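Q: With the numbering used here, the residue at position 86 of the sequence shown is 86, and numbering never jumps.
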Amino acid sequence: MQLSKLKEKRVYLPFVIFAVCIALFVVLKSMKKPPEEKTAESVAPLVKVEPISFQPLQLSVTSQGLVKPKFNTQLVAQVGGAVAFIAPEFVRGGFVKKGQVLAQIEDADYQALVLEARAALISARASLQQEEALGAVARDEWSRIKNRKPTALSLREPQLAQEQARVKAAEAALARAEKNLERTRIRAPFHALVEARDIGLGTYLNPGAPVGQVLSVSEAEIRLPVADNQLQFLENQGVGTEVLLKGQLEGEASEWVAKVIRTEGVIDDKSRMAYLVAQVLNPYGLAVPSEDDSALDQETHHPLRFGSYVRAEIQGISLPKAALIPRHLVTDGKVPVLSKDNTLQFKPVTTVRDQGVKVVVVDGVEDQDQLIVSALQYPVEGMALRLPATKTAAGGSGDAEAGGAVAELANTSD
């Protein structure tokens, strides 16, 4: 009997062990913590935006050129002779005033010619007076003759005309002698900067021999090439408009103000550019001397030197409403804009012209539209976008959802 009971226990033992294992598994499973649920992260691309700002805009046209004098004059001798005097200011780089004697040719011979001409004139006038007296006598005598009519020769009219001609010839000879005497003094034709001197003391000059070269310092001119399609942005093709010149002076950036005085009116056959001419008055900033002064004085340390290379900004027309948008953001005439529901929208825009790295937009977008300035790898119209985190008052931050508020962004420079 005991053997039978032992056999029964052996039969039920596996079932007991299996039941205990199941119970233990259930207990252990009930003690295990479930995994924490993670919030779904937004996969929308993160973008930066800038508000588009419309405001009045003054257009300008850029150019460049070299500063040149309005007058560049070669001085030549008008009479012959040896050089007896040279002014100290008549050196390369010297400033001379209008009418100043730069050099003088020996004038003794020319003074003698003046004296001879004056003597000849006095003699001619005396002969004229004598002939006038003889003519008066002849007319008086013929007035007593009643039966004959006097001829011009009997009244000495041809002789009188001859003496009158001699007087005029003597006056002309005197004027020519005095003019030649004056021409022995070589004078500056205007306030000038001496570019070159070709003579020295004792140099013998023939008429027409070069003496030197002078540059007018009263006015400077700059030829400014402008593309033909840029003239539409200038009023009256730029004539009368202000020009801001920028260049280097003694290693420092400097600016000067000029004015467009004319257009050359043709298109250059090589460069295909139109040319405007800008004028700068008194480019060297010289003080006008008195009659007793011998040379000009430079009163400013901000001269615009001849031969300088300058960049020019020509004032153009004004637009009542325009916005500047980076040029690289305009593709096929459209710009990316963040819509109110934080989705991508491409808006076609009307551009007027390029201005540096930006384009001038006058239509197609609204003021304060959010322009997307960050790059999108695969932009698709209507795709959802995210903005950078918006800072809270406590200093914390959180990701904005697709319909969240627009973030406050700092403007990025180009």
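For glycine and all other residues, C-beta sits at the position ideal for the given N, C-alpha and C. Bear in mind that the values here come from a model prediction, so they are computed numbers and not experimental data.
Under DSSP, the alpha helix (DSSP H) around residue 106 begins and ends at which residues?
A: Residue 106 -> no alpha helix (DSSP H), and no H or E assigned at all.
Q: Mapping DSSP to helix, strand and coil, what is residue 158?
A: Note: residue 158 maps to helix in three-state DSSP.
Q: How would you label residue 405, buried or exposed, when you count the other beta carbons within 10 angstroms and need 16 or more for buried?
A: Low local confidence applies: a pLDDT of 34 at residue 405 is under 50, so the model's placement there is unreliable, with the coordinate-based value given in what follows. So residue 405 ends up on the exposed side.
Q: Nearest-angstrom Cα distance between residue 17 and residue 26?
A: If I take the Cα positions, the gap works out to 14 Å.
Q: For residue 302, does the count of other Cβ atoms within 10 angstroms reach 16, so buried, or fall short, so exposed?
A: Flag for residue 302 reads exposed.
Q: Can you check which of these residues, 372, 216, 376, 377, is closest to residue 48 by C-alpha distance?
A: Considering only alpha carbons, the answer is 372.
Q: Could you tell me the distance, in whole angstroms, from the CA atom of residue 155 to the CA atom of residue 102?
A: Approximately 55 Å between the Cα atoms of the pair.
Q: Measure the C-alpha to C-alpha separation of residue 117 and residue 200 and round it to an integer number of angstroms.
A: The alpha-carbon atoms of residue 117 and residue 200 are separated by roughly 31 Å.
Q: Within this structure, are the beta carbons of residue 359 and residue 325 separated by less than 9 Å?
A: In this structure, residue 325 lies closer than 9 Å to residue 359 by Cβ.
Q: Output the distance between the C-alpha atoms of residue 164 and residue 80, rounded to the nearest integer angstrom.
A: If you take the alpha carbons of residue 164 and residue 80, they lie about 32 Å apart.
Q: My output table needs one value for residue 374: the three-state DSSP class, helix, strand or coil.
A: Residue 374: coil per DSSP, three-state reduction.
Q: CA-CA distance, residue 401 and residue 44?
A: Unreliable placement is indicated for residue 401, whose pLDDT of 38 sits below 50; no coordinate value is reported for it.
Q: Quick check on residue 264: does DSSP put it in helix, strand or coil?
A: Residue 264 falls in the strand class under three-state DSSP.
Q: Within the same chain, show all residues whose beta-carbon is closer than 8 Å to that of residue 306, passing over the 5 residues directly before and after it, in chain order.
A: Cβ neighbours of residue 306 beyond the five flanking positions: 67, 68, 69, 193, 215, 220, 283.
Q: Determine the direct distance from the alpha carbon of residue 226 to that of residue 370, and round the result to whole angstroms.
A: Residue 370 and residue 226: Cα-Cα distance of roughly 35 Å.
Q: Taking one C-beta from the segment 240 to 258 and one from the segment 106 to 121 each time, how about it: are there three or more such pairs within less than 8 Å?
A: Segments in contact, no.
Q: Tell me the rounded alpha-carbon separation between residue 210 and residue 76.
A: Each residue's Cα considered, the two are about 4 Å apart.
Q: Around the Cβ of residue 170, are there at least 16 other Cβ atoms within 10 angstroms (buried) or fewer (exposed)?
A: It counts as buried.
Q: Using 9 Å as the threshold, is the C-beta distance between residue 258 and residue 222 below it?
A: Contact: yes.
Q: When you compare only the Cα positions, how much space is there between residue 322 and residue 230?
A: Whole-angstrom Cα-Cα distance: 18 Å.
Q: Considering only C-alpha positions, which residue in the set 261, 73, 266 is nearest to residue 235?
A: Measuring from the Cα of residue 235, the nearest candidate turns out to be 261.
Q: Measuring CA to CA, which of 256, 168, 233 is closest to residue 126?
A: Considering only alpha carbons, the answer is 168.
Q: Have a look at 173, 213, 131, 181 and flag the residue whose alpha-carbon is nearest the alpha-carbon of residue 111.
A: When only C-alpha atoms are compared, the closest one is 181.
Q: For residue 98 versus residue 188, is the C-beta distance shorter than 9 Å?
A: Yes, these two residues count as a Cβ contact at 9 Å.
Q: Could you check which residue in 85, 137, 172 has the C-alpha nearest to that of residue 186?
A: Answer by Cα proximity: 85.
Q: Rounding to the nearest angstrom, what Cα-Cα distance links residue 151 and residue 104 in this structure?
A: Spanning the two alpha carbons is a distance of roughly 55 Å.
Q: Measure from the alpha carbon of residue 362 to the alpha carbon of each residue in 140, 319, 213, 378, then state which is nearest.
A: Checking every option, the nearest Cα to that of residue 362 belongs to 319.
Q: Between 124, 137, 237, which has its C-alpha nearest residue 174's C-alpha?
A: Of the listed residues, the one whose Cα sits closest to residue 174 is 124.
Q: So the beta strand (DSSP E) residue 347 belongs to, where does it begin and stop?
A: Taken as a continuous stretch (DSSP letters only), the beta strand (DSSP E) holding residue 347 covers 344 to 348.
Q: With a threshold of 9 Å between beta carbons, is residue 80 in contact with chain D?
A: Although the question refers to chain D, the structure presented lacks it and comprises just one protein chain.
Q: Tell me which same chain residues have a C-beta within less than 6 Å of the C-beta of residue 114, skipping the five on either side of it?
A: Contacts found: 177, 178, 181.
Q: State the DSSP-derived secondary structure class of residue 180, mapped to helix, strand or coil.
A: Looking at residue 180 - three-state DSSP - the assignment turns out to be helix.
Q: Taking C-beta to C-beta, are residue 338 and residue 385 nearer than 9 Å?
A: Taking 9 Å as the Cβ cut-off, residue 338 and residue 385 qualify as a contacting pair.
Q: Could you give the DSSP three-state label for residue 69: helix, strand or coil?
A: In the structure shown, residue 69 sits in a strand (DSSP, three-state: E or B).
Q: In its own chain, which residues sit with a C-beta less than 7 Å from the C-beta of residue 139, not counting the 5 before and 5 after it?
A: The answer, listed in chain order, is 155.
Q: Measuring alpha carbon to alpha carbon, tell me which residue in 279, 328, 172, 368 is nearest residue 55.
A: Ranking the options by Cα distance to residue 55, first place goes to 368.
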